[in-house]
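Notes for the one structure printed next.
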Amino acid sequence: MQNLYNTINTRSAWPAKLFPEPWKAQCRAGLMEPWRPVTNKTKIMSETGKPISRIDGRMKVSGKATYSAEFNQPNMAYAYPIRSTIAKGKILSIDDTVARKEPGVLEVISHTNAIRLMPIDKQALEKANAGMVCEFLPPFQSDIVHYWGQFIAVIIAETYEQARTAANKLNVVYATEKGAIDLKTELPNAKKPKMLNKHDVQINVGMAEGSLNSSPQRIDQVYTTPAEHHHPMEPHATIAIWEGSDRLTLYDATQGVEVTRDITVYFLGLKRENVRVISHFVGGAFGSKGLWLYPIIAAMAAKALSRPVKLVLTRQMMQTNVGHRGETIQHLALGSDSVGNLNVIRHHTDTYGNLSDFFEPSGKQSLILYKAPVRETTYNVALLNRGTPFSMRAPGETPGTFALESAMDELAYQLKIDPVEFRVKNHVSKDPMKGIGFSSNYLLDCYRIGAERFGWSSRNMEPRQRRQGKYLVGYGMATATYPAGRNAASAKVLMNSAGEVTVMTASIDIGTGTYTVLAQTVADGLGIPVKSIEVKIGDSSLPASPFAGGSQSTASIHPAVFDACVMLRKELASMAINDPLSKLNGYRPEDIDYADGKLFVKGNAQKSDTYLDILKRANRTEIESCATSLPVSGNGFTVPSPWCVTTNTPRGENSDVQEHSFHSFGAQFAEVWVDEDFGTIRIKRFTSVQDVGRVMNEKTARSQIIGGVIFGIGAALMEATEYDKHLGSAVTRTLADYHIPVHLDVPPIDVYFIGKPDPHISPIGARGAGEIGITGVAAAIANAVFNATGKRLRDLPLTPEKFFDA
0 MQNLYNTINT RSAWPAKLFP EPWKAQCRAG LMEPWRPVTN KTKIMSETGK
50 PISRIDGRMK VSGKATYSAE FNQPNMAYAY PIRSTIAKGK ILSIDDTVAR
100 KEPGVLEVIS HTNAIRLMPI DKQALEKANA GMVCEFLPPF QSDIVHYWGQ
150 FIAVIIAETY EQARTAANKL NVVYATEKGA IDLKTELPNA KKPKMLNKHD
200 VQINVGMAEG SLNSSPQRID QVYTTPAEHH HPMEPHATIA IWEGSDRLTL
250 YDATQGVEVT RDITVYFLGL KRENVRVISH FVGGAFGSKG LWLYPIIAAM
300 AAKALSRPVK LVLTRQMMQT NVGHRGETIQ HLALGSDSVG NLNVIRHHTD
350 TYGNLSDFFE PSGKQSLILY KAPVRETTYN VALLNRGTPF SMRAPGETPG
400 TFALESAMDE LAYQLKIDPV EFRVKNHVSK DPMKGIGFSS NYLLDCYRIG
450 AERFGWSSRN MEPRQRRQGK YLVGYGMATA TYPAGRNAAS AKVLMNSAGE
500 VTVMTASIDI GTGTYTVLAQ TVADGLGIPV KSIEVKIGDS SLPASPFAGG
550 SQSTASIHPA VFDACVMLRK ELASMAINDP LSKLNGYRPE DIDYADGKLF
600 VKGNAQKSDT YLDILKRANR TEIESCATSL PVSGNGFTVP SPWCVTTNTP
650 RGENSDVQEH SFHSFGAQFA EVWVDEDFGT IRIKRFTSVQ DVGRVMNEKT
700 ARSQIIGGVI FGIGAALMEA TEYDKHLGSA VTRTLADYHI PVHLDVPPID
750 VYFIGKPDPH ISPIGARGAG EIGITGVAAA IANAVFNATG KRLRDLPLTP
800 EKFFDA
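Just so we're aligned, residue 0 is where the sequence shown starts under numbering that gives the first Met the number 0, counting upward by one.
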């Protein structure tokens, strides 16, 4: 293969069809051959890693993919939630007399007549595997209002239009109290939480203040990020169907059918085996789906009517009732010696929460990046009467890298050191907090390759040195990082006598390409074509798998799938070895290999037996295996239902976590053009180089990074949720008001993967790529704006008004 690389590298022209552009670029960089097959210890895996198109793509573009709101049922009614019109107070009365007389109205449910749900008990929620619930506010159990837009009632009617019309006829009387709306105003009353998700957050290593004062060079600035909303394409939706009084099926737009089931089981007091959640396709989520309680409202409505009920949230409801990224005020200070060796990183965050323990943990990356013997992260968290904030793509790192990477650029300029060189100089090979090595870390390669691909060497360190007509042109860069997680997961693989193979797991495809990559894994695990494989996911009745969030799905599910394939092959081999009519009869299991839908003797491919012949002689119509892969590495926290064979055993609780720190890394590079007359900023091109371990499918992974970069462009230039400081309502209620990037805003995006497997995260060696793509993007853009104009913008989004005020 190396000889092939050398031959190709000396050619004057690349073969047009044989080598796609991403592979050519890898060869030019001298890192990868034109195609490098994935391998395990003994076997070349020919399908995994290939950039094949989505196997479900045709279904999606033709409208055949069925989303949760499209599983219409006979005799189905429609629910429309009613939201509060105050930010804080008490409901004195709800008069539904007129609403009930509206055509088609079947029922009105509020705190006055709703069934009683299980109360919030954090320990009981954890015990019931429902501890991930986003908001500690069971619907319609109290007359207290905590924020503008809170669901206070629901109208159920024969049609959606009738339910929505009747909603305007509900008369609600409130006792209004003064709400806490503005973050800065409420900071004097803020609390200092000690932990988030069982991790310490108020961290002090060394004496930050003293180190800053003694540092020859230092930066001490405030960076702000606004509230932002997820706004996936598909709205949140649930269809609830009761069978009798104790069996419930939910078609729900969720990131995790199991967690939705467990939350439903807890609040409705049902048996786990009597609740089924189905979610075959999800049209984007970004952290907003699966942990909110609107499915409980649908279930309550369906139970009250003894008929199926559909509930679909409007775009306006998605702005108040399914979470958002909280606003942050970040005070970040860096100190270094005179030649650029960091002495101290101090990162303080002011933010807010409401009806949960969650707040935006924007200091996380300041504990993992760069050499600094002294570092400190602290938080003040105010309680605001806004919709409850929760995880949004790369929670913590997205606003946090904006602050840290902007400050790094400022200090590099002050030191007169190139920003890439400054980061390389302060690169760490070990986790600074844990004192242990990373499971793998090719961040230095990301810097080097990113700089080469982007053309960073042509950048002038001084601002305002490059023009293109009337535009000022600038280059900026930043580091990207996100934790790598892995959880326990189970998968079943079934093969029938017709040669059809089905892989089954409860995992969700939220648009990342899970259907496709699972099929590729099975194709390699059994040596069969991808086209012969059916993928069944998104059903809580299937083998358990973790929530599709935190960039953990790839590392969690695929080891279980591959192990199930290995188990199935072993059973087939055992059948053949013990069958006198098989050419494999009498051989040892270790003598057997596989390819092209058959087993054969190593070194003697003529002695073979097809899977179908083995099944036929055994009079078997099908064969199946089910494997559970435990998180021997990574940060797993759940174990699936014990109905699969466990295929690996931990060496001790969190043993690998104690030996390795699991993170992904990357480098982001941006070129911006700034029109000084109008204060407008355009991104002309963007380069993203990522180290996410093994890349399971270059095409789908690339799409993930492109999506993350676009997400970051939105955060940098336009996205912000504005609140009425008197009413507490979101002013930006629709996509007409809440601006996101359109085609004109998105430049050519060059994505490159290092592609080296992580030997510790899992046997597959892959880490998630769903969230790291957004991290560092806003900082790279802001740094490029400074390089172009000499103006340092520290408040997102970077609007023309802020440009002129700088």
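Yeah, the Cβ is synthetic: ideal placement off N, Cα and C, and Gly gets one too. Here the structure is a predicted model, which means the values were calculated and not measured.
From the options, residue whose alpha carbon lies closest to that of residue i
i, options, result
"alanine 483", "Asn584, Gly772, Gly549, Tyr79", "Gly549"
"threonine 774", "Arg374, Lys790, Ala714", "Ala714"
"glutamate 233", "Ala68, Gly764, Ile81", "Ala68"
"lysine 724", "Glu675, Gly789, Ser428, Leu383", "Leu383"
"lysine 469", "Tyr79, Thr111, Thr788", "Thr788"
"valine 600", "Leu614, Ser660, Asn584", "Asn584"
"asparagine 342", "Ile54, Val688, Ser210", "Ser210"
"tyrosine 514", "Lys89, Ala547, Ile54", "Ile54"
"methionine 391", "Ala284, Pro225, Pro462, Ile416", "Ala284"
"histidine 346", "Val338, Ser45, Glu375, Gly334", "Glu375"
"serine 109", "Ser92, Gly727, Leu797, Lys288", "Ser92"
"isoleucine 344", "Thr350, Gln329, Phe357", "Gln329"
"leucine 182", "Ala174, Glu176, Ala226", "Ala226"
Counted within 10 angstroms of its Cβ, other Cβ atoms place residue i as buried (16 or more) or exposed
i, result
"glycine 633", "Interpretation of glycine 633 is limited by its pLDDT of 43, a score under 50 that renders its predicted location unreliable; no figure is taken from the coordinates."
"methionine 566", "buried"
"leucine 743", "exposed"
"valine 694", "buried"
"methionine 31", "The predicted position of methionine 31 is uncertain, since its pLDDT is 32 and thus under 50; no value can be drawn from it."
"alanine 497", "exposed"
"histidine 557", "buried"
"leucine 249", "buried"
"leucine 716", "buried"
"glycine 62", "exposed"
"isoleucine 435", "exposed"
"glutamate 499", "exposed"
"proline 33", "Residue confidence for proline 33 is low, a pLDDT of 30 falling below 50, so the modelled location carries little weight; the figure read from the coordinates is stated next. Proline 33 comes out buried."
"alanine 518", "buried"
"glutamate 697", "buried"
Cβ of residue i within 9 Å of any chain C Cβ
i, result
"alanine 76", "No chain C appears in this structure, which consists of one protein chain only."
Check whether residue i and residue j have beta carbons under 9 Å apart
i, j, result
"lysine 309", "tyrosine 146", "no"
"isoleucine 218", "glutamate 409", "yes"
"glycine 692", "serine 457", "no"
"isoleucine 808", "valine 673", "Shown here, the chain extends from 0 to 805; a query on residue 808 therefore has no answer."
"arginine 82", "isoleucine 154", "no"
"lysine 193", "asparagine 379", "no"
"serine 506", "glycine 769", "no"
"serine 355", "valine 132", "yes"
"histidine 323", "proline 388", "yes"
"alanine 719", "threonine 627", "no"
"aspartate 444", "isoleucine 367", "no"
"alanine 781", "arginine 791", "yes"
"tyrosine 441", "tryptophan 455", "no"
"alanine 402", "threonine 327", "yes"
"tyrosine 66", "histidine 235", "no"
"glycine 395", "serine 687", "no"
"glutamate 721", "threonine 731", "yes"
"glycine 418", "aspartate 336", "Reading the sequence as shown, one finds proline at residue 418 and not glycine. No. Outside cutoff."
"glycine 727", "isoleucine 143", "no"
"glutamate 404", "asparagine 495", "no"
Expected contact under 8 Å - CB spacing of residue i and residue j to nearest Å
i, j, result
"proline 187", "alanine 239", "Incorrect: roughly 44 Å between the Cβ atoms, too far for contact."
"leucine 195", "aspartate 95", "Not quite, the Cβ-Cβ distance comes to about 40 Å (not below 8 Å), so this is no contact."
"alanine 479", "glutamine 667", "5 Å"
"lysine 370", "valine 427", "5 Å"
"glycine 362", "glycine 399", "6 Å"
"alanine 669", "phenylalanine 685", "5 Å"
"tyrosine 293", "alanine 127", "That belief does not hold up - the Cβ atoms of tyrosine 293 and alanine 127 are roughly 19 Å apart, past 8 Å."
"alanine 156", "lysine 89", "At roughly 28 Å, the Cβ-Cβ gap does not stay under 8 Å, so alanine 156 and lysine 89 are not in contact."
Length-filtered (4 minimum) alpha helix (DSSP H) runs lying within the region 567–644:
DSSP runs (the alpha helix (DSSP H)) wholly in the region 567–644: 610–616.
Which ranges does the beta strand (DSSP E) cover as unbroken runs of at least 3 residues, wholly within the region 700–746, from first to last along the chain?
Complete beta strand (DSSP E) runs here, min 3: none at all.
List, from N- to C-terminal side, the beta strand (DSSP E) runs of 3 residues or more that fit wholly inside the region 426–499.
Counting only runs of 3 or more, we get 470–482, 488–495.
I'd like the ranges of any beta strand (DSSP E) spanning at least 3 consecutive residues and lying wholly in the region 267–315.
Counting whole runs of 3 or more residues, the region 267–315 contains the beta strand (DSSP E) stretches 274–277, 308–311.
Within the region 49–120, note down every full alpha helix (DSSP H) run reaching 4 residues or more, in order along the chain.
Within the region 49–120, the complete alpha helix (DSSP H) runs of at least 4 residues are 56–61, 96–99.
Whole beta strand (DSSP E) runs in the region 177–239 with 3 or more residues, listed along the chain?
With a minimum length of 3 residues, the continuous beta strand (DSSP E) runs that stay inside the region 177–239 are 202–204, 216–224.
What are the complete alpha helix (DSSP H) segments, minimum 4 residues, inside the region 370–437?
Counting only runs of 4 or more, we get 396–414, 418–424.
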